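Quick note: the sequence shown uses my numbering, first residue 3, plus one each step.
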Amino acid sequence: MNKPLRRIAIFCGLLILALLLRDNWIQYVQAEDLQNHKHNRRVLIARYSQPRGNIFVDGGATAITGSVETNGTDFKYKRTYKNGEMWAPVTGYASQVYGATQLENLEDGILTGDDDRLFFNRTIDMFTGKERKGGDVITTLNSKAQKAAYEGLGDKKGAVAAIDPKTGRILALASTPSYDPSTIAGGGKKDEKAWGALDKKKNPDDPMLNRALRQTYAPGSTFKVVTAAAALENELYSGIDDKTRSPQPWRLPLSTRNLPNEGNLPCENASLRKALEVSCNTVFGKLGDDLGIDKMREQAERFGFNEEVFTPVRANASVYPDEMDRPSNAMSAIGQFDTRATPLQMAMVAAAIANDGKLMEPYMVDKLRAPNLNDIERHTPQQLSEAVSADTAHKLQEMMETVVKTGTGTNAQIPGVDVGGKTGTAQRGIANRDNPYAWFISYAKGEDGSSPVAVAVVIEGSDSTRSDIAGGKLAAPIARDVMKAVLDSEK
3 MNKPLRRIAI
13 FCGLLILALL
23 LRDNWIQYVQ
33 AEDLQNHKHN
43 RRVLIARYSQ
53 PRGNIFVDGG
63 ATAITGSVET
73 NGTDFKYKRT
83 YKNGEMWAPV
93 TGYASQVYGA
103 TQLENLEDGI
113 LTGDDDRLFF
123 NRTIDMFTGK
133 ERKGGDVITT
143 LNSKAQKAAY
153 EGLGDKKGAV
163 AAIDPKTGRI
173 LALASTPSYD
183 PSTIAGGGKK
193 DEKAWGALDK
203 KKNPDDPMLN
213 RALRQTYAPG
223 STFKVVTAAA
233 ALENELYSGI
243 DDKTRSPQPW
253 RLPLSTRNLP
263 NEGNLPCENA
273 SLRKALEVSC
283 NTVFGKLGDD
293 LGIDKMREQA
303 ERFGFNEEVF
313 TPVRANASVY
323 PDEMDRPSNA
333 MSAIGQFDTR
343 ATPLQMAMVA
353 AAIANDGKLM
363 EPYMVDKLRA
373 PNLNDIERHT
383 PQQLSEAVSA
393 DTAHKLQEMM
403 ETVVKTGTGT
413 NAQIPGVDVG
423 GKTGTAQRGI
433 ANRDNPYAWF
443 ISYAKGEDGS
453 SPVAVAVVIE
463 GSDSTRSDIA
473 GGKLAAPIAR
483 DVMKAVLDSE
493 K
């Protein structure tokens, strides 16, 4: 072979080698990225060529999602939702155009049937000629409790989280205002218009915000149960009916102003029980100062503060600040300053107390199920921490039950049921000029003395006048109805 031909042959060989390398790179290295690329329409066509698996509540008895055939599009099916606005904080949305969120996103592999654990089912369907279908997600949600939470919130802006203290199962997760995921599931003009209306720049109420998991609020006086727990755990006081060393008025440390109480309350040297019953700022502010920042933060973290929670939907971390001066720590001890909490976090506080001090990991997916109804995966309850000792938990239960029997939480009473609770009215804005947040946390005991439900309710905004915005007035009745719904469903 002469020299020019040899050069051409070598050059052609290099081109073929480069082509083979590029082809293998695309097929084996970039395959997953290309398959999941947002502009790869074939993936979307395949995704919506079959019915999507469903999300269930009530232990698998009730489907809250569905699929419907569409016309005039290359997507054969689109997602549907039952009572979409009520369940949106649980399901999220699955849209042909805008992607997926929350359970629809996190369990997408199961719902579409693409999860490797469904390989056997896909193979059987291929040989039998059956239409391929995704698996199902069985949640822990209780439809009666969810309905009570959603209808209780009504046209108010706020959220509800309810947990089974013994297991950590999330029983209700409501957020208002909400939206119907069905309106954005397709790719038509109506869906585009609905999506635009949900833009928080155009809609300041931000209906797509999951307030139960993603919004943190000053917890106000509901945080006083954490401060009481810290005082008992650190043996600052041993008995809940012993007098505390709490003058009235009490001046904030390193300050020239007193910490006020809401009204003329019997707070001077009040016992822990009485201080929680009537919600004494002076007593709990001084407790926080006596304990110090480190002990207060340690107790808050034992309840779950300063850590994100995955349900599997992520919940923002609630915060007990770690860099404060003494007056700021005293204000944090009554749920003000920079202390922030999600409704889920405050439900976890109530749940740990009701469960004799054991804090269970909250979760909302009980099991994943294949199309042939075989279980693929089942959740096992996990203990996160021992928030307080059993002895301290029992003392806190006594205190919280006094709040509901004779204190600020009487609107949460359920005839024949022992209910423990704590109200909160969290001040906000410069010089408290903005309407406060109305809070209530609670638990209810069953006939055997254990608690099947703990609840947290926050009202961020309502049509009520400022004088009527209080946790006992606005939030406690909602918590009562949610607890009653759970108790009734267990009969």
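Just so you know, even glycine gets a beta-carbon here, dropped at the ideal spot from N, CA and C.
Keep in mind that this is a model prediction, so the values were computed, not measured.
Annotation: the segment 135-215 contains the following complete segments of the alpha helix (DSSP H) (minimum length 4 residues), in chain order: 145-155, 191-199. Counting other Cβ atoms within 10 Å of its Cβ, N4 stays below 16 and is therefore classed as exposed. Setting aside the 5 residues that flank it on each side, D340 is surrounded in the same chain by P323, each with a C-beta closer than 6 Å to its C-beta; the list follows chain order. Per the Cβ contact rule, the segment 213-224 is in contact with the segment 168-183 (3 or more Cβ pairs under 8 Å).
Between the C-alpha atoms of I443 and A481 there is a straight-line separation of about 7 Å. With a cutoff of 8 Å on beta-carbon distance, A164 and L173 are scored as near each other.
Membership of R371 in the beta strand (DSSP E) is indicated by the continuous run 367-371. Per DSSP, reduced to three states, the secondary structure at K245 is strand. Boundaries for E303: no beta strand (DSSP E) harbours it, while the alpha helix (DSSP H) harbouring it runs 295-304, taken from the DSSP string. For N376, the three-state secondary structure derived from DSSP is coil. Per DSSP, the unbroken alpha helix (DSSP H) holding G15 starts and ends at 5-26. For F312, the number of other beta carbons within 10 angstroms of its own is below 16, and it is reported as exposed. For T404, the uninterrupted alpha helix (DSSP H) segment begins and ends at 392-408. Annotation: Q385 to F225 spans about 22 Å, alpha carbon to alpha carbon. Residue nearest to L211 within the set V315, Q29, M348, Y445 is V315 (criterion: CA-CA distance). Here the alpha carbons of A458 and A349 stand approximately 5 Å from one another. Annotation: L386 is outside any alpha helix (DSSP H); the continuous beta strand (DSSP E) that includes it extends over 385-388.
Pairing I336 with G265 gives a Cβ-Cβ distance that is not under 8 Å. Sequence-distant Cβ neighbours of L489 in its own chain, meaning closer than 8 Å and more than five residues away, are I416, V419, A446, G448, P454, V455. Bounds of the alpha helix (DSSP H) holding M485 are 478-491. Taking the Cα of N374 as reference, the smallest distance to any Cα among R119, I461, G61 is reached at R119.
From the listed residues Q347, A392, N308, the smallest Cα separation to V460 is found for Q347. In this structure, DSSP gives T425 an extended state, which the three-state scheme calls strand. In this structure, the straight-line span from the alpha carbon of T229 to that of M326 is close to 16 Å.
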